[in-house]
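Everything below concerns the one structure shown next.
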Amino acid sequence: MDVIARRADVRQANRSIARQAHESEFVEPVPFICECGDTTCTGFARLAVDAFDVVASQPEWHLLGDRHGYRAAVVDAGGVVVELPALPHIVQ
-15 MDVIARRADV
-5 RQANRSIARQ
5 AHESEFVEPV
15 PFICECGDTT
25 CTGFARLAVD
35 AFDVVASQPE
45 WHLLGDRHGY
55 RAAVVDAGGV
65 VVELPALPHI
75 VQ
């Protein structure tokens, strides 16, 4: 499986996770699957479901998670990594 296919599969799984979080009115950070594209990665990116909705609205953005040293980060099409700040009520 190539990186693009892996990312598409993981994004679909993350959309399903977000849908369930919305339906259950889950308010804590949600552990979304890392979208790095590495088939061996088992990391998670923890963020509010509304934040995921913003990331998912941008087709060139992908989540990176804890296996890459981030709580949650976004990589854009140019490879720029933007770390998402911790939520104030979450103790790291």
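Residue numbers (my numbering): -15 to 76. For glycine and all other residues, C-beta sits at the position ideal for the given N, C-alpha and C.
For Arg3, report the span of its alpha helix (DSSP H) as first-last.
According to the DSSP assignment, Arg3 belongs to the alpha helix (DSSP H) that extends over -13 to 7.
Own chain residues within Cβ distance below 7 Å of Pro15, not counting five before or after
Excluding positions up to five away in sequence, the list reads Phe28, Arg30.
Can you name, in chain order, every residue of its own chain whose Cβ lies under 6 Å from the Cβ of Gly20, other than the five neighbours on each side?
Here the sequence assigns Cys to residue 20, which means Gly is not the residue at that position. Counting only Cβ-Cβ distances below 6 Å, and skipping sequence neighbours, we find Leu48.
Val59 versus Val11: straight-line alpha-carbon distance, rounded
Inter-residue distance for Val59 and Val11 is about 24 Å (C-alpha atoms, whole angstroms).
Tell me whether Ala56 is buried or exposed, calling it buried when 16 or more other Cβ atoms sit within 10 Å of its Cβ.
That one is buried.
Residues in its own chain within less than 6 Å of Ala61 by CB, not counting five upstream and five downstream?
Around Ala61: Glu44.
Whole-angstrom distance between Ala(-11) and Glu7, CA atom to CA atom
Between Glu7 and Ala(-11), the C-alpha separation is close to 27 Å.
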